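Residue numbers (this note's numbering): 625 to 927.
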């Protein structure tokens, strides 16, 4: 399968206060890249390079243009120029690609006017990782994967839920059962707790030694923090998870995370039950919440 992944960091920056990264756009591309490395797909072209993914750009991009800087950044070793981005418009005209994926449909529609005239609607795939819950009108024409999906919008034939994910290479191998603090240091919204801005390693280690990592809905329900907690063998303490729509965080282990929250203040602490739950959600994360799993999910849905 040959895939054109339409993205443009300049257009993304115009729509997101100067930030060139878009979590869903970037993570889904990386998941497809993992499939390319395993020869599950034959070709993958990002129409414009995604600088925040290619390691060669690390240290060259101003911090003010990067949202976060951990987990979804600097994942690809290959030079960005190793991708053949020549003659994309002509290749679209020739139907060279099997499918075209728009990684951030509300921020970049490069080549769309051409592609829609050449490709059947079901071969143009739209990803919407924006915080707002509204759908693009294009959702009526093409398969549409929406991150903050409301139940009232979920019944359309083209509509599919999607969530952020964790690169498998970032998931810890240290299943540390000697927890030295109840909660992770970082409390969302309290900037005085953001002590690890320049060290992903220390940020991860802090969750790894904690029983719980505090998280909750901010602008949207989905957040990289949820996966960073789970991926570091820590349980999310998700304060308002019971209010999350069924179709948002659609594959998140909600019931087990809620159950773990219930026992957080048990006296004595139910350590055995906690670690049973933690082991279950950690294994679930490795199987279902990775970038590769998400890429496979997209391709399975459009077959």
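In this text, a Cβ means the ideal position worked out from N, Cα and C, and glycines have one as well.
Remember, predicted model here, so these are calculated numbers, not experimental data.
Contact fails between the stretch 805-812 and the stretch 774-782, because fewer than three Cβ pairs, one in each stretch, are under 8 Å apart. Secondary structure of residue 625 (DSSP, three-state): coil. In the structure shown, the three-state DSSP call for residue 837 is strand. Closest in C-alpha terms to residue 753, from the list 736, 788, 735, 741, comes 788. Residue 868 and residue 707 have their alpha carbons spaced roughly 39 Å apart.
Residue 894 and residue 771 have their C-alpha atoms spaced approximately 34 Å apart. Residue state for residue 774 is assigned as coil, using DSSP reduced to three classes. For residue 914, the three-state secondary structure derived from DSSP is strand. If you draw a straight line from the Cα of residue 764 to the Cα of residue 746, it comes to about 11 Å.
The stretch 661-672 makes no contact with the stretch 638-652: fewer than 3 CB pairs, one atom from each, lie closer than 8 Å. Pairing residue 742 with residue 717 gives a Cβ-Cβ distance under 8 Å. Taken in chain order, the whole beta strand (DSSP E) runs of length 3 or more contained in the stretch 694-775 are 723-726, 748-752, 768-770. Taking the Cβ atoms as the reference, residue 629 lies roughly 6 Å from residue 668, within the contact range of under 8 Å. With a contact defined as Cβ atoms closer than 8 Å, residue 728 and residue 848 miss out at about 16 Å. A contact is defined here as three or more CB-CB pairs under 8 Å, and the stretch 899-913 meets this definition with respect to the stretch 862-879. Between the alpha carbons of residue 757 and residue 881 lies a gap of roughly 24 Å. Secondary structure of residue 829 (DSSP, three-state): helix. Residues 672, 732, 734 of the same chain have their beta carbon placed closer than 6 Å to that of residue 632, with the five preceding and five following residues left out of the count. For residue 660, the enclosing alpha helix (DSSP H) covers residues 647-661. For residue 793, the number of other beta carbons within 10 angstroms of its own is below 16, and it is reported as exposed.
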